[in-house]
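Trainee: Dropping the structure in here first, questions after.
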Amino acid sequence: MQREYITDKFPNLSKGPVDVSMYHDPEFYEREKEAIFSSSWLMAGRVEQIPNNGDYFVRTVPTFRMSLIVIRGKDNQIRIFQNACRHRGNAICLEKQGNTPALVCKFHGWAYDLTGRLKAIPDAGGMFDLDKSSLGLVEVRSAVWNGFIFFNLDEDAPSLEQYLGDIGPALTGYPFDTGTSRFQIACSLNSNWKAVIDSFSETYHVPTLHRYSIAETLAGGNNKFGHLVDAVHYGYHRTASVWGNNDYQPKPFQKIAYEFGGDAGASITGGQGDTARLTLPRGVNPSRSSNWGIDVNVIFPNLVIVIGPGSYFCHQMWPVGAGKTEWEMTGFWQPAQTAAQRIVQEYFMVELRDTVMEDLNTLERLQCNIENGVVKEYLYHDHEVALRFHHHVVREAVERFSGAPV
Ligand code: FES
Ligand SMILES: [Fe+2]
1177 MQREYITDKF
1187 PNLSKGPVDV
1197 SMYHDPEFYE
1207 REKEAIFSSS
1217 WLMAGRVEQI
1227 PNNGDYFVRT
1237 VPTFRMSLIV
1247 IRGKDNQIRI
1257 FQNACRHRGN
1267 AICLEKQGNT
1277 PALVCKFHGW
1287 AYDLTGRLKA
1297 IPDAGGMFDL
1307 DKSSLGLVEV
1317 RSAVWNGFIF
1327 FNLDEDAPSL
1337 EQYLGDIGPA
1347 LTGYPFDTGT
1357 SRFQIACSLN
1367 SNWKAVIDSF
1377 SETYHVPTLH
1387 RYSIAETLAG
1397 GNNKFGHLVD
1407 AVHYGYHRTA
1417 SVWGNNDYQP
1427 KPFQKIAYEF
1437 GGDAGASITG
1447 GQGDTARLTL
1457 PRGVNPSRSS
1467 NWGIDVNVIF
1477 PNLVIVIGPG
1487 SYFCHQMWPV
1497 GAGKTEWEMT
1507 GFWQPAQTAA
1517 QRIVQEYFMV
1527 ELRDTVMEDL
1537 NTLERLQCNI
1547 ENGVVKEYLY
1557 HDHEVALRFH
1567 HHVVREAVER
1577 FSGAPV
């Protein structure tokens, strides 16, 4: 019988080998920064991090060595400012998060209100030709989608709604807002940012790389190679829908965790949560498979939202060089109602962390072998179609910006 390829859904993608230079070429990296990161909507954090007026958090943007203040004003508006005083550039907020009635620089005491207006200058008479009205904090464009706060460094970029296109409404309705309990893990990797995304975007590796962790939850039964359930592309964004093993037998501790964890403990590493009660938006489990495990959504360029039954988590990859990336993973749980649920969450957090470490473990070896020139092209499997797609849209974005083939 003729095999059906998921790659055939996307006739714009080749099936041939893919040149790896965009994974290590410093010049290409500079072009990506300019063409992609300088004008894309990038995720800063979640609205639940700043529920009260005066709440703020600091978002570092390693790609541009930039620090941003994300703050909810007294008028309840969320704004984003450059974390840089207009006097001599000191960072105004030094703590990662907090609540403040005003933004006061701790160097010479210039003070700004929560809309960024410069309100007070110590010994102002000693300054020359001062126009306070033009010396507010520099505001960065921001917009919110489903509780995710995005920013864009390009004043002329299209709106966030236009940027997201069809994936925006497709995922709207998933209960992102219930995950108010967060955890975060981060590290620096000697790897290209796209390769870090790649490592979370295909399931071909699941039976082998994850043989001691999630191989039996996302592969097995009649899908021993972990074939994708579906792949959907929305402009530059995408969803890979991953199979889930309904016959998975939880490990002994996982059984206990399910018993005590309830919804608060739903996890991708230990089998299926109760999805039947969730009303999923059309973009989640888009083919409505009865064997649905998780969806890996990539909001171009660097936000991965992994949606599972009852919980979700995000990866963000911030390139700092052709072969260097700052990676962050943020998980969102429903708040634990009991001590047992809290312990269960901790257990699943460790399971997830260890599984993700298996993914990250390969990256520096891959990078080494493309940087030393031994490996010149990648051969993508049908179920690595997401990698082929990402490669394609990155090239297209850079070409579109520069107006010439790359
Ligand atoms: S740098 Fe902020 S008050 Fe001087
Ligand atoms: Fe993996």
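Using our numbering, you'd call the opening residue of the sequence shown number 1177 and step up by one each time.
Virtual Cβ for every residue (Gly too), placed ideally from N, Cα, C.
1) Less than 7 Å between the CB of residue 1405 and some heavy atom of ligand 2, yes or no?
2) Compare the Cα-Cα distances from residue 1356 to each of 1224, 1531, 1578 and 1332 and report the closest residue.
3) Regarding residue 1312 and ligand 1, is the C-beta to nearest heavy atom distance less than 7 Å?
4) Could you please go through the chain and list the residues whose beta-carbon is closer than 5 Å to any non-hydrogen atom of ligand 1?
5) Enumerated in chain order, which unbroken segments of the alpha helix (DSSP H) with a length of 4 residues or greater are wholly contained in the region 1495-1577?
6) Is residue 1476 near residue 1413, with beta carbons less than 8 Å apart?
7) Among 1245, 1299, 1512 and 1409, whose alpha-carbon lies nearest the alpha-carbon of residue 1285?
8) Determine, using beta-carbon pairs with one atom in the region 1188-1198 and one in the region 1301-1313, whether at least three such pairs fall under 8 Å.
9) Please report the distance separating the alpha-carbon of residue 1386 from that of residue 1534.
10) Taking contact to mean 3 or more Cβ pairs, one atom from each stretch, closer than 8 Å, check whether the region 1204-1223 and the region 1482-1495 are in contact.
11) Indicate the three-state DSSP secondary structure (helix, strand or coil) for residue 1369 in the structure shown.
12) Anyone know if the C-beta pair for residue 1269 and residue 1232 falls short of 8 Å?
13) In whole angstroms, what is the alpha-carbon distance linking residue 1236 and residue 1179?
14) According to the Cβ coordinates, are residue 1404 and residue 1382 closer than 8 Å?
15) Suppose you measure from the CA of residue 1397 to the CA of residue 1505; what does that come to, to the nearest Å?
16) Do you know whose CA, among 1316, 1249, 1368 and 1265, lies nearest residue 1274's CA?
Mentor: Well, looking at it:
1) Residue 1405: no, Cβ never under 7 Å from ligand 2.
2) Measuring C-alpha to C-alpha distances from residue 1356 to each of 1224, 1531, 1578 and 1332 identifies 1224 as the nearest.
3) Residue 1312 Cβ: outside cutoff for every heavy atom of ligand 1.
4) Any residue whose Cβ sits closer than 5 Å to a heavy atom of ligand 1 makes the list: 1261, 1263, 1264, 1266, 1281, 1283, 1284 and 1286.
5) Those alpha helix (DSSP H) runs which fall completely within the region 1495-1577 and span 4+ residues are 1515-1537 and 1539-1547.
6) Yes; because the gap between Cβ atoms is below 8 Å, this pair is in contact.
7) Comparing Cα-Cα distances from residue 1285 to each of 1245, 1299, 1512 and 1409, the minimum goes to 1299.
8) Cβ pair count under 8 Å is below three, so no.
9) If I take the Cα positions, the gap works out to 7 Å.
10) Yes: at least three Cβ pairs fall under 8 Å.
11) Helix at residue 1369.
12) Going by C-beta atoms, residue 1269 is nearer than 8 Å to residue 1232.
13) Between the alpha carbons of residue 1236 and residue 1179 lies a distance of about 46 Å.
14) Between residue 1404 and residue 1382, the C-beta spacing is not below 8 Å.
15) Approximately 30 Å, taken between the alpha carbons.
16) If we check each option's Cα against that of residue 1274, 1249 comes out closest.
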